[in-house]
Amino acid sequence: MTELDHIWSQMLIEAGSRAGDDGRRDVADYLRLKATNNAIRSAGVGWLFDTVIEIVGPLMVGNNPVGVEREEPHSFARGSSTMVGALLRLRQGVRCLTVEAGWARTPADGIMQRGALVYARISHFGMPKAGAEIRLVHAASLPQWHGENGAVFDSGSLQRHFQLFLGL
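In this text, residue positions in the sequence shown follow the working numbering: the first is 202, and each later residue adds one.
Okay, here's the thing in structure tokens:
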């Protein structure tokens, strides 16, 4: 979480507290929901990026190491909406695997469709059809990443993208 995100979360909590003190339960409930969803979003993006780093970790040293770059803040288009979040880029020689994750932060950014909390895009340089778009959604007990077809997208799915990245 960036410093700006942390400050924004604190401001939401304080605004919700003030609204509750002023008798504006509807505003307080909305701000509490927004703060909760933002915490879930940050944790979901954290899991996604941490899992990628865990998979690539053993290959970050040696004769032909995989380079890792992170950009934050980062924005990317999804339809007519703008997702704001972070980017993780893995490079090995001319191969490149990019993972972008974010959400519409303001009304001007657009809307989140299909019940998504976060959208992420996985791209393989030179292989546009090999990529994937996934979304973090509320599930029965914990939020889950789902692919475009609705199937759960887990660490095994990330492993398959990494194997494709390495040409295995």
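Heads up, the beta-carbon is just placed ideally off N, CA and C, and yes, glycines get one too.
Taking the Cβ atom as the reference point for each residue, do alanine 333 and glycine 348 lie within a distance shorter than 8 Å?
Position 132 of the sequence shown, counted from the first residue, corresponds to residue 333. Position 147 of the sequence shown, counted from the first residue, corresponds to residue 348. Yes. Within cutoff.
Just how far apart, CA to CA, sit glycine 351 and alanine 321?
In the sequence shown, the residue the question calls residue 351 occupies position 150. In the sequence shown, the residue the question calls residue 321 occupies position 120. Straight-line Cα distance between these residues: approximately 14 Å.
Below 8 Å on the Cβ atoms is my guess for alanine 317 versus valine 338; work out the distance and round it to an integer in Å.
As a position in the sequence shown, residue 317 is number 116, starting the count at 1. As a position in the sequence shown, residue 338 is number 137, starting the count at 1. About 6 Å separates the two Cβ atoms, so the contact holds.
Evaluate leucine 234 with the Cβ neighbour count: other Cβ atoms within 10 Å of its Cβ, from every protein chain shown; 16 or more gives buried, anything less gives exposed.
In the sequence shown, the residue the question calls residue 234 occupies position 33. Burial call: exposed.
How is threonine 299 classed by DSSP in three states: helix, strand or coil?
Mapped onto the sequence shown, residue 299 falls at position 98. Strand.
Rounding to the nearest angstrom, what Cα-Cα distance links arginine 242 and tryptophan 346 in this structure?
In the sequence shown, counting from the first residue as 1, residue 242 sits at position 41. In the sequence shown, counting from the first residue as 1, residue 346 sits at position 145. Each residue's alpha carbon lies about 11 Å from the other.
Under 8 Å: do the segment 286-298 and the segment 258-274 share three or more Cβ pairs, one atom per stretch?
In short, these stretches touch, since the Cβ pair count reaches three.
If you draw a straight line from the C-alpha of arginine 361 to the C-alpha of valine 353, how long is it?
Against the sequence shown, residue 361 aligns to sequence position 160. Against the sequence shown, residue 353 aligns to sequence position 152. Roughly 14 Å between the two C-alpha positions.
Taking C-beta to C-beta, are serine 282 and glycine 311 nearer than 8 Å?
The residue labelled residue 282 in the question sits at position 81 within the sequence shown. The residue labelled residue 311 in the question sits at position 110 within the sequence shown. Yes, they are a contact pair.
In the DSSP output, which residue or residues are listed as bridge partners for phenylalanine 277?
Locating residue 277 in the sequence shown gives position 76, counting from the first residue. Answer is Met284, bridged to phenylalanine 277.
Based on the DSSP secondary-structure assignment, which residues constitute the bridge partners of leucine 337?
In the sequence shown, the residue the question calls residue 337 occupies position 136. Paired residue(s): Val319, Trp346.
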